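Novice: Take the position in the sequence shown, starting the count at 1, then add 660; the result is the number in the numbering used here.
For each residue, glycine too, the CB sits at the ideal point set by N, CA and C.
Computed from a predicted structure; not experimentally measured.
Pasting a structure below so you can have a look.
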Amino acid sequence: MKKITELEEVRWRTVYFKDEYGNRYRDTEEYIGYRTVTTITAGLRITHFIIDIIAYNILCYFLAFVFELIMALTDDMIPINLTVGFISLIITLLLYPTYYTFFEYYWQQTPGKFLTQAIVIDEYGNRPTIRQILLRSFIRLVPFETLSCSGTNSYGWHDRWAETYVVSKKELVEIKQFIAQQEGNTVPAH
661 MKKITELEEV RWRTVYFKDE YGNRYRDTEE YIGYRTVTTI TAGLRITHFI IDIIAYNILC
721 YFLAFVFELI MALTDDMIPI NLTVGFISLI ITLLLYPTYY TFFEYYWQQT PGKFLTQAIV
781 IDEYGNRPTI RQILLRSFIR LVPFETLSCS GTNSYGWHDR WAETYVVSKK ELVEIKQFIA
841 QQEGNTVPAH
């Protein structure tokens, strides 16, 4: 199976040549080139990030409320109160990658990606493995990782290191059509 970066397409390019008198002429020629994977833009990535941070914070506030109730019940027991606070901190730190892992494993998209019709795929255009999703999720904890998503192709570290792509659902349909066409299969129905 071909990687989505190895899918070929017919392209046209301009070529120049000179005749025997030195006059320059322009013509076009057909050639086979690799299809460019159109990942989502940096602006959409920022939108996903903002929506997902809001959803994540709502989840954290809910859990903090539950832990505050537990601490209120153990008001006189300071060691238990400190333990519950420490456990709350650990859970909050682990919840961030868990949030992304849960949504991307079951639906290939987080709430932010769902609202913009974006989807996570592997380098073959399929659903990513649990290993890839876990890797994506924990790489997000790397400082300044969100800055790696800026630029023209918007291919962040969590995508690059896990060998995944975030594309629009329309782009995924086109990728599947190219794969089916180049493998001699029929186009998959959606």
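Roughly how many whole angstroms lie between the Cα atoms of residue 784 and residue 838?
Specialist: Spanning the two alpha carbons is a distance of roughly 11 Å.
Novice: Mapping DSSP to helix, strand and coil, what is residue 678?
Specialist: Residue state, collapsed to three classes: strand.
Novice: Using DSSP with H/G/I as helix, E/B as strand and the rest coil, what is residue 834?
Specialist: Here residue 834 sits in helix by DSSP.
Novice: Can you grab the Cα-Cα spacing for the pair residue 664 / residue 835, in whole Å?
Specialist: Going from the Cα of residue 664 to the Cα of residue 835 covers about 7 Å.
Novice: Which two residues bound the contiguous alpha helix (DSSP H) that contains residue 728?
Specialist: 702-733 is the extent of the alpha helix (DSSP H) around residue 728.
Novice: Short check: CB of residue 699 to CB of residue 814, under 8 Å?
Specialist: Result yes, Cβ atoms of residue 699 and residue 814 sit closer than 8 Å.
Novice: Thinking C-beta only, is residue 825 closer than 8 Å to residue 793?
Specialist: Taking 8 Å as the Cβ cut-off, residue 793 and residue 825 do not qualify as a contacting pair.
Novice: Going by DSSP, which residues form a beta bridge with residue 826?
Specialist: BP columns for residue 826 point to 780.
Novice: Is the segment 707-714 touching the segment 760-780 in the sense that three or more CB pairs, one from each, lie closer than 8 Å?
Specialist: Yes, they touch.
Novice: Do the CB positions of residue 779 and residue 827 come within less than 8 Å of each other?
Specialist: Yes, these two residues count as a Cβ contact at 8 Å.
Novice: So residue 800 is in the alpha helix (DSSP H); what residue range does that whole segment cover?
Specialist: Premise fails: residue 800 is in no alpha helix (DSSP H) and is neither H nor E.
Novice: Roughly how many whole angstroms lie between the Cα atoms of residue 689 and residue 672?
Specialist: Taking the straight line from one Cα to the other gives about 6 Å.
Novice: Got a sec, what are the start and stop residues for the beta strand (DSSP E) residue 844 sits in?
Specialist: First-last for residue 844: undefined, no H or E at that position.
Novice: Do you know offhand how far residue 694's Cα is from residue 718's?
Specialist: Computed Cα separation, rounded: 43 Å.
Novice: Using CA atoms only, rank isn't needed, just tell me which of 720, 682 and 788 is closest to residue 822.
Specialist: That would be 788, whose Cα lies nearest to the Cα of residue 822.
Novice: Could you compute how far the alpha carbon of residue 732 sits from the alpha carbon of residue 754?
Specialist: Taking the straight line from one Cα to the other gives about 24 Å.
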